[in-house]
Amino acid sequence: MAEKQVDVVVVGLGPGGEYAAQKLAEAGLRVVGVERALVGGECPFYGCIPSKMMIRAADSLAEARRAVTLAGEVRVVPDWSLVATRIDKQATNHWDDESHTSSHSETFTVDGTDVDPSWAVYEAHCF
Numbered sequence: 037m038a039e040k041q042v043d044v045v046v047v048g049l050g051p052g053g054e055y056a057a058q059k060l061a062e063a064g065l066r067v068v069g070v071e072r073a074l075v076g077g078e079c080p081f082y083g084c085i086p087s088k089m090m091i092r093a094a095d096s097l098a099e100a101r102r103a104v105t106l107a108g109e110v111r112v113v114p115d116w117s118l119v120a121t122r123i124d125k126q127a128t129n130h131w132d133d134e135s136h137t138s139s140h141s142e143t144f145t146v147d148g149t150d151v152d153p154s155w156a157v158y159e160a161h162c163f
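Residue numbers (the numbering used here): 37 to 163.
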């Protein structure tokens, strides 16, 4: 495998690492980011973003049920599948984190040791 020179290696591409790698790359540095799970961390996939989408849906149902005191009768029928579909399409992108990475993903060797293939390795300057 050919040797590759970079300026910065960002280990962990959660929200902070992903942002740091992107900003360093935008500043012209050659950056490699290493992540063993989903790039972007838990927030976009099963943390705050999907949670907020569920809370917003619940708030909408609660608000609709209060309409009777303001404007008359309404019929509210909760449907979790609509929320789950929205989360899958808009938040998790079907659990695919490629939108957070470059199309030039690669694995490589560090100090003679192959990087574990279960870790995803991305060049941040291609984000």
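Heads up, the beta-carbon is just placed ideally off N, CA and C, and yes, glycines get one too.
1. Could you tell me the alpha carbon to alpha carbon distance between M89 and I123, rounded to whole angstroms?
2. Report yes or no: do the segment 66-81 and the segment 44-52 share at least 3 C-beta pairs separated by less than 8 Å?
3. Are G77 and G83 close, meaning C-beta to C-beta below 9 Å?
4. How many Å lie between P80 and R111 at the Cα?
5. Identify, in the order they occur along the chain, each residue of the same chain with its Cβ nearer than 7 Å to the Cβ of L97, setting aside the five sequence neighbours on each side.
6. Can you give the Cα-Cα distance for G108 and E99, rounded to whole angstroms?
7. Exposed or buried, A127, counting other C-beta atoms within 10 Å across all chains shown (16 or more means buried)?
8. May I ask you to report which of helix, strand or coil DSSP gives V47?
9. Does the Cβ of A57 have 16 or more other Cβ atoms within 10 Å, making it buried, or fewer, making it exposed?
10. Check for me: the beta strand (DSSP E) holding V68 runs from which residue to which?
11. Helix, strand or coil for K40? Go by DSSP, reduced to three states.
By the coordinates alone:
1. Counted from its first residue, the sequence shown places residue 89 at position 53. Counted from its first residue, the sequence shown places residue 123 at position 87. When the Cα atoms are used, M89 and I123 turn out to be separated by approximately 7 Å.
2. In the pairwise beta carbon analysis, the segment 66-81 is classified as touching the segment 44-52: at least three pairs are separated by under 8 Å.
3. Counted from its first residue, the sequence shown places residue 77 at position 41. Counted from its first residue, the sequence shown places residue 83 at position 47. Taking 9 Å as the cut-off, the Cβ atoms of G77 and G83 count as close.
4. Within the sequence shown, numbered from 1, the residue matching residue 80 stands at position 44. Within the sequence shown, numbered from 1, the residue matching residue 111 stands at position 75. Between the C-alpha atoms of P80 and R111 there is a straight-line separation of about 32 Å.
5. Numbered from 1 along the sequence shown, position 61 holds the residue referred to as residue 97. Taken in chain order, the residues that qualify are V112, P114.
6. To locate residue 108, count along the sequence shown from 1; it is residue 72. To locate residue 99, count along the sequence shown from 1; it is residue 63. The alpha-carbon atoms of G108 and E99 are separated by roughly 13 Å.
7. Numbered from 1 along the sequence shown, position 91 holds the residue referred to as residue 127. Per the 10 Å Cβ criterion, buried.
8. On the sequence shown, residue 47 is found 11 positions in, with the first residue counted as 1. Three-state result, V47: strand.
9. Within the sequence shown, residue 57 is the residue found at index 21, counting from 1. Around the beta carbon of A57, 16 or more other beta carbons lie within 10 angstroms, which makes this residue buried.
10. As a working mapping, residue 68 is identified with position 32 in the sequence shown. Segment 67-71, the beta strand (DSSP E) holding V68.
11. Here the question's residue 40 lines up with position 4 in the sequence shown. If DSSP states are grouped into helix, strand and coil, K40 belongs with coil.
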